[in-house]
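Enquirer: What follows is a structure written as structure tokens; I'll ask about it next.
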Amino acid sequence: MHVLSLPTWWIHISSVVEWIVAIGLVWIYAQATGNPRWRWLAWGMLPALLGAMSALTWHYFDNDPDLDWIVTGQAAWTLLGNCTLAGAAYWIWRGYSPGTEPGRSPSAEENPRRDHE
Amino acid sequence: MSEIVGELITKENLFAASLFPYLIFLWFLTRTPETPRLALIGFYMLLVFVIITIPAGIYAQVALDSALADVDGLHGGAEAFLTLSNILVAVGFKQGIDRQRSASETKAQSWLYPDSSPPQS
């Protein structure tokens, strides 16, 4: 694993750690807002993590051209992961009925029509 | 038929195709009032990372006859934008959590002070 310099390794590890932390914070955000639909975003962020792990694996093997299929796998996880992000965002957006004020979470008392997760 | 599919499913095509659902993701997240502002900025910043990899990859190939991942300075430099955007997403949701919690604390305390506003902490 020497094709990447140490600073470049640190940059990669940092971005993966940050993504994992973000997933945890999104999960807590669901609880803080009282809107359980945010949990779908946390789940939706997982395939991207698998893509990141594929990339790191390929870098670990010094970007071996014989392992190029790993990068194709990374691209597939990225495509899937972006679809799950889009689906989650759509689901969260759908949870808002008209009359919800910007910046406030739709609570059950204010929006009785909103279905419960 | 399977040869055509095999020709189409390349890493380049998969990466290119992945951009479209990401734009849809941004569309709905932007229109969700509850999305923390800094987190949204971070998710948009990821597009900067994607856009930067294009000229970086081209330069690596044309000027240095290498893949971007094999040119350490360009590779690390481009990846730094992903690190930046992920930091913004994480901090953004942390801020969002803090704001939601202080807002609900303020609401919870308001019954103690029905005729005036609660003391600010």
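If you read the protein sequences in the order shown, they are chains A and B. For the first sequence, my numbering puts the final residue at 117, and the numbers step up evenly by one. For the second sequence, my numbering puts the final residue at 1121, and the numbers step up evenly by one. The C-beta atom is built at its ideal place from N, Cα and C for all residues, glycine as well.
#1: Three Cβ pairs or more, each shorter than 8 Å: is that satisfied between the segment 88-98 of chain A and the segment 1097-1105 of chain B?
#2: Applying a beta-carbon distance threshold of less than 8 Å, which residues of chain A neighbour residue 1070 of chain B?
#3: Within the present structure, is the beta-carbon of residue 1012 of chain B separated from the nearest heavy atom of the ligand SAH by less than 7 Å?
#4: Would residue 93 of chain A pass as an interface residue toward chain B - the criterion being a Cβ-Cβ separation below 8 Å?
#5: Given this structure, state the Cα-to-Cα distance separating residue 23 of chain A from residue 74 of chain A, to the nearest angstrom.
#6: Should the segment 81-91 of chain A be called in touch with the segment 44-61 of chain A, which here means at least 3 C-beta pairs below 8 Å?
#7: Specify, as a first and last residue, the run of the alpha helix (DSSP H) that residue 1111 of chain B falls within.
#8: What residue range is occupied by the uninterrupted alpha helix (DSSP H) comprising residue 1018 of chain B?
#9: Residues in the segment 1079-1098 of chain B with C-beta within 7 Å of chain A's C-beta atoms, listed in sequence order?
#10: State buried or exposed for residue 10 of chain A, treating a residue as buried only when at least 16 other CB atoms are found within 10 Å of its CB.
Expert: Taking the geometry as given:
#1: No: fewer than three Cβ pairs fall under 8 Å.
#2: In the second sequence, the residue the question calls residue 1070 of chain B occupies position 70. Using a Cβ-Cβ cut-off of 8 Å, residue 1070 of chain B is close to 3 and 63 of chain A, given in chain order.
#3: The ligand SAH is absent from the structure shown, which contains no ligand whatsoever.
#4: As a first step, residue 93 of chain A is located in the first sequence; it is residue number 93 there, counting from the start. Contact with chain B is found for residue 93 of chain A, since one of that chain's Cβ atoms lies less than 8 Å from the residue's Cβ.
#5: On the first sequence, position 23 is the one that residue 23 of chain A refers to. On the first sequence, position 74 is the one that residue 74 of chain A refers to. Taking the straight line joining both Cα atoms gives about 19 Å.
#6: Three or more beta-carbon pairs separated by less than 8 Å link the segment 81-91 of chain A to the segment 44-61 of chain A, which places the two stretches in contact.
#7: Numbered from its first residue, the second sequence carries residue 1111 of chain B at position 111. Secondary structure note for residue 1111 of chain B: it is in no alpha helix (DSSP H), with a DSSP letter that is neither H nor E.
#8: In the second sequence, counting from the first residue as 1, residue 1018 of chain B sits at position 18. Taken as a continuous stretch (DSSP letters only), the alpha helix (DSSP H) holding residue 1018 of chain B covers 1011-1030.
#9: Result list: 1079, 1080, 1082, 1083, 1086, 1087, 1089, 1090, 1093, 1094, 1096 and 1097.
#10: Position 10 of the first sequence, counted from the start, is the residue given in the question as residue 10 of chain A. Classification of residue 10 of chain A: exposed, given that the 10 Å Cβ count is below 16.
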